[in-house]
Amino acid sequence: MLLVGLSLLWHGLSRKSWLLRPEALRLDPDNPEHLRGREEDVKRLFYAVSTLPLVFLEGESGAGKSALIRAGLIAALNDADPPSMLPVYVNTYTGDWESGIVEQLIFALWRELGEARCTRLGIATRDDLRRQLPLVGSSVPGVAGVERSEPPAFSRQLQPVKADGTLFRRIENELGLIPLLIFDQFDDYQLAYSDRFSRQGRWISAHELAAENSFWWAIRAELERHAIHCLFVTRRDMSGQLEAVRFAEPQVHFLDRIEPAYMGALLAGLVTPDTESSPVISHPNAGWESLKDRLIRDLSAEGLILPIQARVVFDGLAKLPYLNQKAYEREGGTEGLEAAYIESAVRFAAGAAGIAESRVLDTLLQLVDETNPELPKSRTATQGALLEAARTDLETDLPRGERILDALVQKGVIQSRLDEAAENTEPRWSLYHDYLARAVLFAHR
(Lines of atoms letter the chains of each structure in order from A and count residues from 1; the text may use other names and numbers.)
(Lines give C-alpha, C1' and ligand atoms only; values in the text may rest on other atoms or scores of the structure.)
Protein backbone atom coordinates (compact mmCIF):
# COMPACT_ATOMS: atom_id res chain seq x y z
CA MET A 1 0.00 0.00 0.00
CA LEU A 2 2.82 2.40 0.89
CA LEU A 3 4.50 1.83 -2.44
CA VAL A 4 1.24 2.33 -4.28
CA GLY A 5 0.58 5.56 -2.36
CA LEU A 6 4.07 6.89 -3.10
CA SER A 7 3.64 5.97 -6.74
CA LEU A 8 0.34 7.83 -6.96
CA LEU A 9 1.85 10.84 -5.17
CA TRP A 10 4.81 10.94 -7.53
CA HIS A 11 2.54 10.53 -10.53
CA GLY A 12 0.37 13.42 -9.34
CA LEU A 13 3.34 15.71 -8.79
CA SER A 14 5.02 14.81 -12.04
CA ARG A 15 1.87 15.55 -14.03
CA LYS A 16 1.64 19.21 -13.06
CA SER A 17 2.15 21.94 -15.64
CA TRP A 18 5.56 23.59 -15.20
CA LEU A 19 6.92 26.59 -17.07
CA LEU A 20 10.24 25.33 -18.42
CA ARG A 21 11.22 28.25 -20.65
CA PRO A 22 9.94 31.58 -19.25
CA GLU A 23 11.73 33.55 -21.98
CA ALA A 24 9.39 32.03 -24.57
CA LEU A 25 6.50 34.09 -23.15
CA ARG A 26 8.27 37.42 -23.64
CA LEU A 27 6.39 39.64 -26.08
CA ASP A 28 8.85 41.51 -28.28
CA PRO A 29 7.68 44.83 -29.80
CA ASP A 30 10.17 44.36 -32.64
CA ASN A 31 8.96 40.87 -33.57
CA PRO A 32 6.40 40.84 -36.42
CA GLU A 33 5.21 37.41 -35.25
CA HIS A 34 3.89 39.05 -32.08
CA LEU A 35 1.57 41.41 -33.98
CA ARG A 36 -1.36 39.02 -34.13
CA GLY A 37 -4.57 40.79 -35.05
CA ARG A 38 -2.82 43.88 -36.41
CA GLU A 39 -2.61 42.90 -40.07
CA GLU A 40 -5.42 45.22 -41.19
CA ASP A 41 -4.04 48.08 -39.07
CA VAL A 42 -0.67 47.70 -40.79
CA LYS A 43 -2.27 47.62 -44.25
CA ARG A 44 -4.36 50.73 -43.61
CA LEU A 45 -1.43 52.66 -42.17
CA PHE A 46 0.88 51.50 -44.98
CA TYR A 47 -1.54 52.86 -47.59
CA ALA A 48 -2.09 56.11 -45.68
CA VAL A 49 1.57 57.05 -45.20
CA SER A 50 2.40 56.03 -48.78
CA THR A 51 -0.25 58.23 -50.36
CA LEU A 52 -0.83 61.10 -47.93
CA PRO A 53 1.61 63.76 -46.72
CA LEU A 54 0.38 63.89 -43.11
CA VAL A 55 -0.99 61.07 -40.94
CA PHE A 56 -1.77 60.99 -37.21
CA LEU A 57 -1.90 57.73 -35.22
CA GLU A 58 -3.39 57.85 -31.76
CA GLY A 59 -4.32 55.20 -29.24
CA GLU A 60 -4.53 54.33 -25.59
CA SER A 61 -1.25 54.13 -23.70
CA GLY A 62 -0.15 50.50 -23.92
CA ALA A 63 -2.22 49.67 -27.01
CA GLY A 64 0.94 48.75 -28.94
CA LYS A 65 1.43 51.79 -31.16
CA SER A 66 5.23 51.56 -31.13
CA ALA A 67 5.12 47.83 -31.86
CA LEU A 68 2.75 48.49 -34.76
CA ILE A 69 5.20 51.01 -36.19
CA ARG A 70 8.46 49.16 -35.57
CA ALA A 71 7.47 45.55 -36.22
CA GLY A 72 4.59 46.22 -38.59
CA LEU A 73 4.70 49.40 -40.63
CA ILE A 74 8.46 49.88 -40.99
CA ALA A 75 8.97 46.20 -41.81
CA ALA A 76 6.21 46.38 -44.45
CA LEU A 77 7.66 49.54 -46.00
CA ASN A 78 11.15 48.04 -46.18
CA ASP A 79 9.85 44.75 -47.61
CA ALA A 80 7.74 46.40 -50.32
CA ASP A 81 8.71 45.38 -53.84
CA PRO A 82 9.71 47.84 -55.06
CA PRO A 83 10.08 50.05 -51.98
CA SER A 84 8.73 53.58 -52.34
CA MET A 85 9.28 55.06 -48.87
CA LEU A 86 12.30 55.67 -46.64
CA PRO A 87 11.03 55.36 -43.04
CA VAL A 88 13.03 57.64 -40.71
CA TYR A 89 12.13 56.73 -37.12
CA VAL A 90 12.49 59.15 -34.20
CA ASN A 91 11.34 58.31 -30.66
CA THR A 92 13.82 60.17 -28.42
CA TYR A 93 13.46 63.85 -27.63
CA THR A 94 16.25 65.37 -25.57
CA GLY A 95 18.15 68.63 -25.50
CA ASP A 96 16.81 71.96 -26.68
CA TRP A 97 13.27 71.87 -28.09
CA GLU A 98 14.62 73.07 -31.44
CA SER A 99 18.23 71.95 -31.88
CA GLY A 100 17.63 68.72 -29.94
CA ILE A 101 15.06 67.35 -32.37
CA VAL A 102 17.23 68.45 -35.30
CA GLU A 103 20.04 66.24 -34.05
CA GLN A 104 17.67 63.33 -33.43
CA LEU A 105 16.40 63.50 -37.00
CA ILE A 106 19.92 63.78 -38.40
CA PHE A 107 20.97 60.69 -36.46
CA ALA A 108 17.85 58.74 -37.52
CA LEU A 109 18.30 59.67 -41.19
CA TRP A 110 22.02 58.79 -41.09
CA ARG A 111 21.17 55.39 -39.60
CA GLU A 112 18.37 54.67 -42.07
CA LEU A 113 20.26 55.73 -45.20
CA GLY A 114 23.19 53.49 -44.42
CA GLU A 115 26.60 53.51 -46.06
CA ALA A 116 25.56 52.49 -49.56
CA ARG A 117 22.83 55.09 -49.95
CA CYS A 118 24.97 57.82 -48.40
CA THR A 119 27.68 57.04 -50.93
CA ARG A 120 25.20 57.40 -53.79
CA LEU A 121 24.19 60.78 -52.38
CA GLY A 122 27.79 61.90 -51.94
CA ILE A 123 27.54 61.99 -48.14
CA ALA A 124 30.64 60.80 -46.32
CA THR A 125 30.00 61.86 -42.73
CA ARG A 126 27.15 62.85 -40.45
CA ASP A 127 28.41 66.43 -40.69
CA ASP A 128 27.96 66.24 -44.47
CA LEU A 129 24.40 65.11 -43.88
CA ARG A 130 23.80 67.93 -41.41
CA ARG A 131 25.01 70.52 -43.92
CA GLN A 132 22.73 69.21 -46.65
CA LEU A 133 19.54 68.89 -44.65
CA PRO A 134 17.03 71.72 -45.17
CA LEU A 135 16.07 71.78 -41.50
CA VAL A 136 16.31 75.52 -40.98
CA GLY A 137 16.80 78.61 -43.10
CA SER A 138 18.48 81.89 -42.34
CA SER A 139 15.31 83.29 -40.83
CA VAL A 140 11.87 82.26 -39.70
CA PRO A 141 8.82 84.39 -40.41
CA GLY A 142 6.97 85.68 -37.39
CA VAL A 143 3.31 85.69 -36.47
CA ALA A 144 1.48 88.89 -35.71
CA GLY A 145 0.76 89.20 -32.03
CA VAL A 146 3.07 86.34 -31.04
CA GLU A 147 6.24 87.12 -29.16
CA ARG A 148 9.34 85.27 -30.31
CA SER A 149 13.02 85.60 -29.67
CA GLU A 150 15.73 85.62 -32.32
CA PRO A 151 16.47 82.24 -33.88
CA PRO A 152 18.98 80.32 -31.74
CA ALA A 153 22.64 80.39 -32.67
CA PHE A 154 22.58 77.08 -34.50
CA SER A 155 19.77 78.38 -36.75
CA ARG A 156 21.73 81.46 -37.77
CA GLN A 157 24.76 79.34 -38.67
CA LEU A 158 22.90 77.40 -41.37
CA GLN A 159 22.35 78.70 -44.85
CA PRO A 160 19.02 78.73 -46.67
CA VAL A 161 18.47 75.84 -49.07
CA LYS A 162 16.96 76.03 -52.54
CA ALA A 163 13.51 74.50 -52.67
CA ASP A 164 14.31 72.24 -55.62
CA GLY A 165 17.64 71.01 -54.30
CA THR A 166 16.93 69.79 -50.79
CA LEU A 167 18.34 66.49 -49.63
CA PHE A 168 14.83 65.19 -49.12
CA ARG A 169 14.05 65.88 -52.77
CA ARG A 170 17.34 64.29 -53.85
CA ILE A 171 16.47 61.15 -51.89
CA GLU A 172 13.29 60.85 -53.94
CA ASN A 173 14.90 61.73 -57.28
CA GLU A 174 18.11 59.70 -56.91
CA LEU A 175 17.00 56.81 -54.69
CA GLY A 176 13.35 56.61 -55.71
CA LEU A 177 12.22 56.87 -52.09
CA ILE A 178 9.99 59.43 -50.40
CA PRO A 179 11.29 60.20 -46.89
CA LEU A 180 8.67 59.30 -44.27
CA LEU A 181 9.49 61.07 -41.01
CA ILE A 182 7.99 59.07 -38.14
CA PHE A 183 7.73 60.90 -34.82
CA ASP A 184 6.81 58.11 -32.40
CA GLN A 185 5.84 58.85 -28.79
CA PHE A 186 5.44 62.45 -29.86
CA ASP A 187 3.62 63.14 -26.60
CA ASP A 188 7.01 62.78 -24.85
CA TYR A 189 8.28 65.76 -26.85
CA GLN A 190 5.20 67.84 -26.15
CA LEU A 191 5.22 67.00 -22.44
CA ALA A 192 8.92 67.82 -22.15
CA TYR A 193 8.24 71.29 -23.57
CA SER A 194 4.65 71.72 -22.39
CA ASP A 195 5.21 75.42 -21.72
CA ARG A 196 5.95 75.86 -25.43
CA PHE A 197 2.87 74.00 -26.65
CA SER A 198 0.23 75.58 -24.43
CA ARG A 199 -0.70 79.22 -24.14
CA GLN A 200 -3.39 80.81 -22.00
CA GLY A 201 -5.38 77.62 -21.60
CA ARG A 202 -5.15 76.46 -25.23
CA TRP A 203 -2.84 74.48 -27.47
CA ILE A 204 -0.82 76.50 -29.95
CA SER A 205 -1.59 76.24 -33.65
CA ALA A 206 0.65 74.85 -36.38
CA HIS A 207 1.12 78.42 -37.62
CA GLU A 208 2.42 79.51 -34.22
CA LEU A 209 4.70 76.49 -33.86
CA ALA A 210 6.29 77.10 -37.26
CA ALA A 211 6.80 80.76 -36.37
CA GLU A 212 8.55 79.99 -33.09
CA ASN A 213 10.60 76.92 -34.01
CA SER A 214 12.72 76.91 -37.16
CA PHE A 215 12.83 73.10 -37.28
CA TRP A 216 9.06 72.88 -37.58
CA TRP A 217 9.03 75.81 -39.98
CA ALA A 218 11.32 73.76 -42.24
CA ILE A 219 9.24 70.60 -41.82
CA ARG A 220 6.11 72.53 -42.82
CA ALA A 221 7.94 73.91 -45.87
CA GLU A 222 9.08 70.44 -46.95
CA LEU A 223 5.54 69.11 -46.60
CA GLU A 224 4.25 71.96 -48.74
CA ARG A 225 6.89 71.10 -51.38
CA HIS A 226 5.70 67.47 -51.29
CA ALA A 227 9.29 66.46 -50.49
CA ILE A 228 8.40 64.40 -47.39
CA HIS A 229 5.56 62.59 -45.65
CA CYS A 230 5.10 62.72 -41.86
CA LEU A 231 3.54 60.35 -39.33
CA PHE A 232 2.94 61.53 -35.76
CA VAL A 233 2.18 58.93 -33.09
CA THR A 234 0.72 59.93 -29.73
CA ARG A 235 -1.40 58.79 -26.80
CA ARG A 236 -5.13 59.23 -27.13
CA ASP A 237 -5.30 61.59 -24.15
CA MET A 238 -2.69 63.83 -25.82
CA SER A 239 -4.19 63.82 -29.31
CA GLY A 240 -5.52 67.37 -28.92
CA GLN A 241 -1.98 68.69 -28.86
CA LEU A 242 -1.40 67.41 -32.40
CA GLU A 243 -3.10 70.61 -33.54
CA ALA A 244 0.37 72.13 -33.27
CA VAL A 245 1.63 69.96 -36.15
CA ARG A 246 -1.48 70.11 -38.34
CA PHE A 247 0.51 71.58 -41.22
CA ALA A 248 -1.98 70.08 -43.65
CA GLU A 249 -5.26 68.22 -43.30
CA PRO A 250 -4.19 64.90 -41.72
CA GLN A 251 -5.76 61.48 -41.93
CA VAL A 252 -6.27 60.31 -38.35
CA HIS A 253 -5.96 56.63 -37.44
CA PHE A 254 -6.91 55.10 -34.10
CA LEU A 255 -5.35 51.92 -32.67
CA ASP A 256 -7.67 49.95 -30.41
CA ARG A 257 -6.96 47.14 -27.97
CA ILE A 258 -6.60 43.55 -29.20
CA GLU A 259 -9.46 41.10 -29.70
CA PRO A 260 -9.22 38.23 -27.16
CA ALA A 261 -9.18 35.59 -29.91
CA TYR A 262 -6.00 37.05 -31.40
CA MET A 263 -4.25 37.25 -28.03
CA GLY A 264 -5.32 33.69 -27.26
CA ALA A 265 -3.86 32.51 -30.56
CA LEU A 266 -0.64 34.41 -29.86
CA LEU A 267 -0.32 32.86 -26.39
CA ALA A 268 -0.93 29.40 -27.83
CA GLY A 269 1.80 30.03 -30.38
CA LEU A 270 4.27 31.23 -27.74
CA VAL A 271 4.00 27.99 -25.76
CA THR A 272 4.14 25.71 -28.80
CA PRO A 273 7.69 24.27 -28.87
CA ASP A 274 9.82 24.46 -31.99
CA THR A 275 10.81 20.84 -31.44
CA GLU A 276 9.69 18.06 -29.11
CA SER A 277 13.03 18.27 -27.34
CA SER A 278 12.49 21.89 -26.25
CA PRO A 279 9.04 22.10 -24.63
CA VAL A 280 7.95 25.42 -23.13
CA ILE A 281 5.49 23.88 -20.65
CA SER A 282 5.56 20.37 -19.27
CA HIS A 283 2.25 18.47 -19.20
CA PRO A 284 0.14 21.36 -20.51
CA ASN A 285 -3.09 19.40 -20.03
CA ALA A 286 -2.43 19.16 -16.28
CA GLY A 287 -3.43 22.75 -15.53
CA TRP A 288 -2.03 25.06 -18.17
CA GLU A 289 -4.81 24.74 -20.76
CA SER A 290 -7.49 25.80 -18.28
CA LEU A 291 -5.25 28.57 -16.90
CA LYS A 292 -4.61 29.87 -20.42
CA ASP A 293 -8.33 30.26 -21.02
CA ARG A 294 -8.74 31.94 -17.63
CA LEU A 295 -5.94 34.41 -18.41
CA ILE A 296 -7.55 35.50 -21.65
CA ARG A 297 -10.92 35.92 -19.92
CA ASP A 298 -9.43 38.01 -17.12
CA LEU A 299 -7.33 40.14 -19.47
CA SER A 300 -10.41 40.85 -21.60
CA ALA A 301 -12.63 41.84 -18.68
CA GLU A 302 -13.39 45.12 -20.49
CA GLY A 303 -14.02 43.38 -23.81
CA LEU A 304 -10.61 43.86 -25.45
CA ILE A 305 -7.06 43.23 -24.23
CA LEU A 306 -4.44 45.91 -23.57
CA PRO A 307 -1.20 44.51 -25.07
CA ILE A 308 1.13 45.98 -22.45
CA GLN A 309 -0.89 44.32 -19.67
CA ALA A 310 -0.70 40.99 -21.49
CA ARG A 311 3.06 41.38 -21.83
CA VAL A 312 3.52 42.00 -18.10
CA VAL A 313 1.13 39.23 -17.02
CA PHE A 314 2.75 36.67 -19.34
CA ASP A 315 6.16 37.50 -17.87
CA GLY A 316 4.71 37.21 -14.36
CA LEU A 317 3.75 33.59 -14.96
CA ALA A 318 7.33 32.63 -14.13
CA LYS A 319 6.50 33.32 -10.47
CA LEU A 320 3.87 30.55 -10.26
CA PRO A 321 5.09 27.22 -8.83
CA TYR A 322 2.66 25.41 -11.15
CA LEU A 323 0.64 26.66 -14.08
CA ASN A 324 -2.88 26.09 -12.81
CA GLN A 325 -5.80 28.21 -11.68
CA LYS A 326 -5.24 27.60 -7.96
CA ALA A 327 -1.67 28.91 -8.10
CA TYR A 328 -2.86 31.84 -10.20
CA GLU A 329 -5.56 32.77 -7.70
CA ARG A 330 -3.18 32.45 -4.74
CA GLU A 331 -0.82 34.89 -6.48
CA GLY A 332 -3.63 37.44 -6.80
CA GLY A 333 -4.75 37.06 -10.41
CA THR A 334 -3.54 39.45 -13.08
CA GLU A 335 -2.66 42.20 -10.60
CA GLY A 336 -0.58 39.75 -8.59
CA LEU A 337 1.24 38.57 -11.71
CA GLU A 338 2.05 42.17 -12.62
CA ALA A 339 3.72 42.65 -9.23
CA ALA A 340 5.33 39.21 -9.54
CA TYR A 341 6.93 40.29 -12.80
CA ILE A 342 8.60 43.23 -11.06
CA GLU A 343 9.56 41.12 -8.03
CA SER A 344 11.16 38.50 -10.27
CA ALA A 345 13.18 41.16 -12.09
CA VAL A 346 14.22 42.71 -8.78
CA ARG A 347 15.46 39.35 -7.47
CA PHE A 348 17.35 38.74 -10.69
CA ALA A 349 19.03 42.16 -10.58
CA ALA A 350 19.83 41.86 -6.87
CA GLY A 351 21.43 38.48 -7.46
CA ALA A 352 23.44 39.76 -10.43
CA ALA A 353 24.80 42.66 -8.39
CA GLY A 354 25.06 40.89 -5.04
CA ILE A 355 22.94 43.45 -3.18
CA ALA A 356 19.68 43.48 -1.21
CA GLU A 357 16.44 43.49 -3.19
CA SER A 358 15.31 46.63 -1.37
CA ARG A 359 18.14 48.56 -3.02
CA VAL A 360 16.95 47.51 -6.47
CA LEU A 361 13.37 48.51 -5.63
CA ASP A 362 14.62 51.90 -4.44
CA THR A 363 16.32 52.24 -7.81
CA LEU A 364 13.09 51.52 -9.68
CA LEU A 365 11.15 53.99 -7.55
CA GLN A 366 13.32 56.75 -8.99
CA LEU A 367 11.67 56.01 -12.33
CA VAL A 368 8.08 56.41 -11.07
CA ASP A 369 6.22 59.70 -11.23
CA GLU A 370 3.45 59.77 -8.58
CA THR A 371 2.25 63.29 -9.34
CA ASN A 372 -1.15 61.71 -10.03
CA PRO A 373 -1.48 58.86 -7.48
CA GLU A 374 -4.40 57.42 -9.44
CA LEU A 375 -2.34 57.23 -12.61
CA PRO A 376 1.39 56.86 -11.85
CA LYS A 377 3.68 56.91 -14.86
CA SER A 378 7.30 56.52 -15.84
CA ARG A 379 9.81 59.33 -15.69
CA THR A 380 13.42 59.56 -16.80
CA ALA A 381 16.37 59.70 -14.43
CA THR A 382 20.10 59.92 -14.92
CA GLN A 383 22.25 56.88 -14.39
CA GLY A 384 23.96 58.70 -11.54
CA ALA A 385 20.63 59.24 -9.76
CA LEU A 386 19.71 55.57 -10.13
CA LEU A 387 23.02 54.28 -8.82
CA GLU A 388 22.83 56.71 -5.93
CA ALA A 389 19.38 55.33 -5.06
CA ALA A 390 20.90 51.84 -5.14
CA ARG A 391 23.51 53.13 -2.68
CA THR A 392 26.27 52.25 -5.11
CA ASP A 393 29.44 54.34 -5.09
CA LEU A 394 29.93 55.78 -8.57
CA GLU A 395 33.70 55.93 -8.25
CA THR A 396 34.54 52.66 -6.53
CA ASP A 397 31.68 50.33 -7.43
CA LEU A 398 30.42 51.36 -10.86
CA PRO A 399 30.49 47.78 -12.29
CA ARG A 400 28.04 46.64 -9.60
CA GLY A 401 25.67 49.45 -10.48
CA GLU A 402 25.90 48.65 -14.17
CA ARG A 403 25.05 45.01 -13.42
CA ILE A 404 21.83 46.18 -11.76
CA LEU A 405 20.81 48.17 -14.82
CA ASP A 406 21.86 45.48 -17.29
CA ALA A 407 19.78 42.89 -15.42
CA LEU A 408 16.70 45.12 -15.39
CA VAL A 409 17.13 45.76 -19.12
CA GLN A 410 17.43 42.03 -19.72
CA LYS A 411 14.14 41.49 -17.89
CA GLY A 412 12.43 44.19 -19.93
CA VAL A 413 11.68 46.48 -16.97
CA ILE A 414 13.77 49.52 -17.93
CA GLN A 415 15.13 51.00 -21.13
CA SER A 416 17.95 53.36 -21.94
CA ARG A 417 17.05 56.87 -22.99
CA LEU A 418 20.61 57.56 -24.12
CA ASP A 419 20.77 60.37 -26.62
CA GLU A 420 22.52 58.51 -29.44
CA ALA A 421 22.60 61.68 -31.49
CA ALA A 422 24.80 63.44 -28.94
CA GLU A 423 28.25 62.60 -27.69
CA ASN A 424 29.50 62.43 -24.10
CA THR A 425 26.06 62.68 -22.51
CA GLU A 426 25.18 60.96 -19.25
CA PRO A 427 22.93 57.93 -19.85
CA ARG A 428 19.31 58.37 -18.84
CA TRP A 429 16.81 55.64 -18.07
CA SER A 430 13.07 55.12 -17.83
CA LEU A 431 10.68 52.26 -17.17
CA TYR A 432 9.95 50.27 -20.30
CA HIS A 433 6.40 51.61 -20.22
CA ASP A 434 4.19 53.85 -18.08
CA TYR A 435 2.07 50.80 -17.28
CA LEU A 436 4.90 49.34 -15.18
CA ALA A 437 4.77 52.24 -12.71
CA ARG A 438 1.73 50.78 -10.98
CA ALA A 439 3.36 47.35 -10.71
CA VAL A 440 6.54 48.87 -9.23
CA LEU A 441 4.51 50.65 -6.55
CA PHE A 442 2.49 47.49 -5.85
CA ALA A 443 5.67 45.44 -5.45
CA HIS A 444 7.23 48.08 -3.18
CA ARG A 445 4.23 48.19 -0.86
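Using the numbering used here, read the sequence shown as starting at -14 and increasing by one per residue.
For glycine and all other residues, C-beta sits at the position ideal for the given N, C-alpha and C.
Note that the structure is a prediction, hence the values are computed from the model and not measured.
Could you give the DSSP three-state label for residue i: helix, strand or coil?
i: glutamate 323; result: helix
i: leucine 227; result: helix
i: glycine 386; result: helix
i: arginine 413; result: strand
i: tryptophan 273; result: helix
i: proline 145; result: For proline 145, the pLDDT reaches just 38, beneath the cut-off of 50, and the residue's location in the model is therefore unreliable, leaving the point undetermined.
i: arginine 21; result: coil
i: threonine 356; result: coil
i: alanine 433; result: Residue 433 is absent from the structure shown; the chain starts at -14 and stops at 430.
i: isoleucine 54; result: helix
i: leucine 12; result: coil
i: leucine 114; result: helix
i: tyrosine 7; result: Reading the sequence as shown, one finds proline at residue 7 and not tyrosine. DSSP places proline 7 in helix when its eight states are reduced to three.
i: valine 128; result: With a pLDDT of 39 at valine 128, under the threshold of 50, the predicted position of this residue should be treated as unreliable, and no value is reported.
i: arginine 423; result: helix
i: arginine 402; result: coil
i: serine 2; result: coil
Excluding five sequence neighbours on each side, which residues of the same chain lie with their C-beta closer than 8 Å to the C-beta of residue i?
i: serine 205; result: The question names serine, yet the displayed sequence has arginine at residue 205. Around arginine 205: Ala191, Ala195, Phe232.
i: glutamate 207; result: Pro119, Thr151, Phe153, Ile213
i: serine 329; result: Asp300, Gly301, Ala303, Lys304, Lys396
i: arginine 0; result: His268, Ala271
i: aspartate 354; result: Pro361, Lys362, Ser363, Arg364, Ala422
Taking buried to mean at least 16 other C-beta atoms within 10 Å of its own C-beta, is residue i buried or exposed?
i: tyrosine 32; result: exposed
i: phenylalanine 239; result: exposed
i: arginine 133; result: Because arginine 133 carries a pLDDT of 40, less than 50, the predicted location of this residue cannot be relied on, and the following value inherits that uncertainty. Answer is exposed; the Cβ neighbour count stays below 16.
i: glutamine 175; result: buried
i: arginine 29; result: exposed
i: threonine 104; result: exposed
i: alanine 295; result: buried
i: asparagine 16; result: exposed
i: glycine 321; result: buried
i: glutamate 359; result: exposed
i: leucine 12; result: buried
Between which two residues does the beta strand (DSSP E) carrying residue i extend?
i: proline 72; result: 70 to 75
i: histidine 238; result: 236 to 240
i: phenylalanine 476; result: Nothing can be reported for residue 476, as the shown portion of the chain is limited to -14 through 430.
i: histidine 214; result: 214 to 220
i: aspartate 156; result: This sequence places isoleucine at residue 156; aspartate is not what is there. Looking at the DSSP string, isoleucine 156 is not in any beta strand (DSSP E); the run it does join, the alpha helix (DSSP H), is 152 to 160.
Can you give me the start and stop residues for the alpha helix (DSSP H) that residue i sits inside?
i: phenylalanine 200; result: 199 to 209
i: isoleucine 86; result: 84 to 105
i: glutamate 43; result: Per DSSP, glutamate 43 belongs to no alpha helix (DSSP H); it is in the beta strand (DSSP E), 39 to 44.
i: isoleucine 59; result: 59 to 64
i: leucine 371; result: 368 to 374
Apart from the five residues on each side of it in sequence, which residues of its chain come closer than 7 Å, Cβ to Cβ, to residue i?
i: alanine 424; result: Val297, Glu323, Ala324, Tyr326, Ile327
i: proline 164; result: Leu71, Val73, Phe153, Ile156, Ile213
i: arginine 376; result: Arg344
Using C-beta distances below 6 Å, list every residue in its chain close to residue i, excluding the 5 sequence neighbours before and after it, in chain order.
i: glycine 85; result: Thr79
i: alanine 392; result: Phe333, Ala334, Ala337
_Extract the residue ranges of the beta strand (DSSP E) inside the region 242 to 317, only unbroken runs of 3 or more that lie entirely within it._
If you keep only unbroken beta strand (DSSP E) runs of at least 3 residues inside the region 242 to 317, you get nothing at all.
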